[in-house]
Amino acid sequence: KVSGDFGYGDSYGGDEGLPFFKNYFAGGVSSVRGYEIRSLGPRDSNFNPLGGASRILTNASLLLPIPGSTAKDKRFALFIDGGQVYGPNQSIELSEMRYSAGIGFNWLSPMGPLAISYAKPLNSRIGDETESIQFNIGRVFD
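Mapping the sequence shown onto the working numbering, position 16 (from 1) lands on 24, and the numbers just tick up by one.
Here it is, written out as structure tokens:
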């Protein structure tokens with residue numbers, strides 16, 4: 009499975025930009041695994057993520073059945089994720105993209121979808137917040 013997402017937002021009728029709650033974010037189990045949730049992109053003076061006006065996400069996954077099992081509610085995934093968030097006055101530079109690769113396990117449990125992944129950032133930089141093991145309930149990325 010291969011997927012991608014591009015988002016861009018801007019205000020009209022002025023130059024105020026987007027309200028902070030409309031900003032794009034990336035990082036974490038639902039976007040770029042191996043990086044902490046919402047950690048990619050612009051930051052404030054206290055190093056808190058600000059989000060941005062545009063975002064690029066990419067994903068390639070190889071979905072695999074559990075060896076020896078006929079269950080269709082469980083599967084493994086080998087994946088490569090990529091993404092970045094850019095500020096409102098920042099040009100989109102593909103060289104700023106962050107990438108990760110790893111393995112995941114997804115289960116459509118009676119309580120809802122469960123996912124756990126182990127990811128290794130491939131090109132993290134100083135200051136990036138990484139997180140190798142991530143767990144998610146309710147939404148499976150692959």
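Yeah, the Cβ is synthetic: ideal placement off N, Cα and C, and Gly gets one too.
Sixteen is the threshold: since fewer than 16 other Cβ atoms of the shown chains lie within 10 Å of the Cβ of serine 53, the residue is exposed.
Here DSSP, grouped into helix, strand and coil, assigns serine 99 to coil. Secondary structure of phenylalanine 33 (DSSP, three-state): coil. Residue environment analysis places phenylalanine 14 among the exposed positions, since fewer than 16 neighbouring C-beta atoms fall within 10 angstroms of its C-beta. Annotation: the continuous beta strand (DSSP E) that includes valine 93 extends over 82-94. Cβ-Cβ distances below 6 Å link glutamate 139 to Glu44 in the same chain, with the five nearest sequence neighbours on each side left out; the list follows chain order.
Its Cα nearest to that of leucine 72, the residue Phe84 stands out among Met119, Thr78, Phe84. For glutamate 104, the secondary structure class from DSSP, reduced to helix, strand or coil, is helix. Taking all protein chains shown into account, serine 117 has fewer than 16 neighbouring C-beta atoms within 10 Å of its C-beta and is therefore exposed. Within the same chain, and ignoring the five residues on either side of glutamate 104 in sequence, the residues whose Cβ sits closer than 7 Å to its Cβ are Gln92. Rounded to whole angstroms, the separation of the alpha carbons of glycine 21 and leucine 86 is 45 Å. A Cβ-Cβ contact shorter than 8 Å links glycine 59 with glycine 49.
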